[in-house]
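Beneath this line is the structure, given in structure tokens, with notes to follow.
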Amino acid sequence: MAFFRSLGGTVGVSVLGAILADQVKTDVTGKLAAIGVPADGGGGGSLFNLKDMPAPVVHIIESAYGDAPGFIFMIAAAVSGVSLVTALLMKDVPLRTTVHKND
Numbered sequence: 055m056a057f058f059r060s061l062g063g064t065v066g067v068s069v070l071g072a073i074l075a076d077q078v079k080t081d082v083t084g085k086l087a088a089i090g091v092p093a094d095g096g097g098g099g100s101l102f103n104l105k106d107m108p109a110p111v112v113h114i115i116e117s118a119y120g121d122a123p124g125f126i127f128m129i130a131a132a133v134s135g136v137s138l139v140t141a142l143l144m145k146d147v148p149l150r151t152t153v154h155k156n157d
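Here the numbering used here is used: the first residue of the sequence shown is 55, the next is one more, and so on.
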């Protein structure tokens, strides 16, 4: 049982992490294109040197990383809601009704 719980957690983190990365990429490239900055990924720069970037670009990157976790929490809430409804609709099946004592 612990194996499946661990496996589910690993898959959940992987899937939500991939969605987070895609959301940030989509948000940054869309907003950069809107202000006229090409975002083809060929610059070779790093997002860790924000102090060297122009203020509008820094704002776009910071807002993308700030908004993406909210999107992930909405997805996690929806999955949790579906799981709760599914658990409530499951029929209760007793595993055992009698206990036999061996002498």
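From the three backbone atoms N, C-alpha and C, an ideal C-beta is built for every residue, glycine too.
message: According to DSSP, is I129 part of a helix, a strand, or is it coil?
response: Helix at I129.
- prompt: Going by alpha carbons, who is nearest to V91 out of L138, D76, M107 and M144?
  reply: Considering only alpha carbons, the answer is M107.
message: Whole angstroms are fine: how far does the CA of G135 sit from the CA of D81?
response: If you take the alpha carbons of D81 and G135, they lie about 26 Å apart.
task: Would you check if the region 133–147 and the region 107–122 touch, i.e. whether three or more CB-CB distances between them fall below 8 Å?
output: Judged by Cβ distances under 8 Å, the region 107–122 makes no contact with the region 133–147, as fewer than three pairs qualify.
message: I need the boundaries of the alpha helix (DSSP H) containing K85, first residue and last residue.
response: It spans A56 to A88 - the alpha helix (DSSP H) in which K85 sits, taken as one unbroken run.
message: Only counting the same chain, and skipping five residues up and downstream in sequence, which positions put a Cβ closer than 6 Å to that of A118?
response: Short of 6 Å from the beta carbon of A118, and not among the five residues preceding or following it, lie these beta carbons of its own chain, in chain order: V78, D81 and V82.
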